[in-house]
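Per UniProt numbering, the sequence shown starts with residue 1, numbered consecutively. Worksheet: the structure to be examined is printed underneath.
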Amino acid sequence: EAEAAEAAAAAAGGASAGVQGDEAAEGGSDSDSDSDAEDAKGTKGDGMSNKQRKMAARLKIADLKAKCRRPEVVEAWDVTAPDPRTLVYLKSYRNVVPVPTHWSARRKYLQGKRGIEKPPFELPDFIKATGIDKIRQAYGDKEAEKGLKAKTRDRRAPKMGAMDIDYAVLHDAFFKYQTKPPLETFGDVYFEGKEFDAQLTNKRPGQLSAELMAALGMAEGAPPPWLINMQRHGMPPSYPLLKIPGLSAPLPPGAQYGYHAGGWGKPPVDERGTPLYGDVFGTVAAEAAARATEEPVDKTSRWGDLRIDSDSESESESEDDSDEEKEEDDAGGLTEDQIAAGTASGIASSVAAGLETPDVLDLRKKAAPQQLYTVLEQREASVGGAMMGSSHTYVVPGKDGAPAGGAAAGGGLSAGA
């Protein structure tokens, strides 16, 4: 019994030790899993994971818009780029083609156009005018009527020129009547459904079409219904320099301000009566036109001629004055006694007044002026039996002006030579 009691006590102690060992092992495994989770999260003592730290270091959209020249090009996903500042700089550069909008789409490009029925291809109008479609239709009907032998014969020995069209018709079609297909401007990228968008290329801001005026119930010469609000709130932000009658431009002829039927409201002015938006009274344009008519137009000089500086003109005038003064000093250098002594000598000069002795005398005879051309004398001649004969000949003079021997003897230069 004592031995059995000791064995039971030993077994109980081992069991307790095993339980404690299992608990210690479980505690160690839990600590190891916690450390692995912390390593996976990337915590470094500040309680933030790598993802949270990356989100905290990321730029805000408002800050990125404030740091670029064109905030309208900034999009929501630009802050997630490796270098957002460089990306926005490239996007805001002039004439930069934007990235297609389907770059982030999950479905394939143009997958949404599968259910849309595509119309068959049609020839342009300038090619239809040549009649090629009718010729092809007639040729196809004729080929359908042929038998197998005829088709085999045509395949072995084909006949060319079955669908020829006049060259002048083709030339006029491609060089006179050809029209350009609808093309996109530089930088425009196609997207799904772009052909269904409204085409606003022919629309101009501020110009009302007849359809729009009829839809708004506007009479001819009446103001648009939004003019009163524009006079109250100002110019549209997208078109700050637009000329709008009654707001930033004078009224059309026959219109007047007022809030009656057909009136153009009140001109937007400040407390001093100065227009707020442009030249609403037309005074600036009238002054500019009057100033242009008052200014004299110089018709003596041409556009682009070099103008002579006033400094160079004054320098040339001063040089001319100094030369004249020197000549006067040289002429007036003799005194009155010297002049009297010279005239009292009594010796008459052999040189006539107004004549000067030249330094160099040219004794060679000058050649007579040469004649520009000489009219040749024409003479009648008989063809005779000559193969290349002519009905008349010309008398060619010699060097001294006399007729040449051959020409004087009845020969000469023929008309065919």
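A virtual CB, placed ideally from N, CA and C, is assigned to each residue, including glycine.
- Taking a cut-off of 8 Å for Cβ pairs, the stretch 210-219 and the stretch 129-142 do not touch, as fewer than three such pairs fall below it.
- K67 is not a Cβ neighbour of R94, given a cutoff of 8 Å.
- DSSP places V169 inside the alpha helix (DSSP H), whose first and last residues are Y167 to F175.
- Pairwise C-beta distances place the stretch 44-55 out of contact with the stretch 68-77, as fewer than three of them are shorter than 8 Å.
- Taking a C-beta distance under 8 Å as the contact criterion, I228 and A173 do not qualify as a contact pair.
- Partner residues in a beta bridge of H233, as assigned by DSSP, do not exist.
- Secondary structure of T293 (DSSP, three-state): helix.
- When the five nearest sequence neighbours on each side are left out, the beta carbons in the same chain lying within less than 8 Å of the beta carbon of L251 are those of P245, Y257 and W264, in order along the chain.
- Straight across, the Cα-Cα distance linking T80 with R58 is about 7 Å.
- In the three-state reduction of the DSSP assignment, P84 falls in the helix class, which pools H, G and I.
- The Cβ-Cβ distance between Q371 and Y394 does not fall below 8 Å.
- With contact defined as three or more Cβ pairs closer than 8 Å, the stretch 95-112 and the stretch 189-208 are in contact.
- Per DSSP, V73 has no beta-bridge partner at all.
- When DSSP states are grouped into helix, strand and coil, E145 belongs to the helix group.
- Going by DSSP, Q52 is part of the alpha helix (DSSP H) stretching over N50 to A57.
- When rounded, the separation of the alpha-carbon atoms in A386 and Y373 is 31 Å.
- According to DSSP, residue pairing for V269 in a beta bridge involves P275.
- Nearest in C-alpha terms to Y239, of all of R114, E271 and G206, is G206.
- In the three-state reduction of the DSSP assignment, V395 falls in the strand class.
- For E211, the uninterrupted alpha helix (DSSP H) segment begins and ends at A210 to L216.
- In the same chain as V96, and ignoring 5 residues on each side of it, no C-beta atom comes closer than 6 Å to its own.
- Exclusion of the five residues before and after D133 leaves L123 as the residues of its chain whose Cβ lies within less than 7 Å of its Cβ.
- Within the model, the alpha-carbon separation for L241 versus H171 is close to 47 Å.
- G258 sits in a strand when the DSSP states are folded into three classes.
- In its chain, beyond the 5 residues on either side, D279 have a beta carbon closer than 7 Å to the beta carbon of A285.
- A distance of 8 Å or more separates the beta carbons of A222 and G254.
- DSSP links R379 through a beta bridge to T393.
- Of all alpha-carbon atoms in H102, G389, K203 and P267, the one lying nearest the alpha-carbon of S248 is that of P267.
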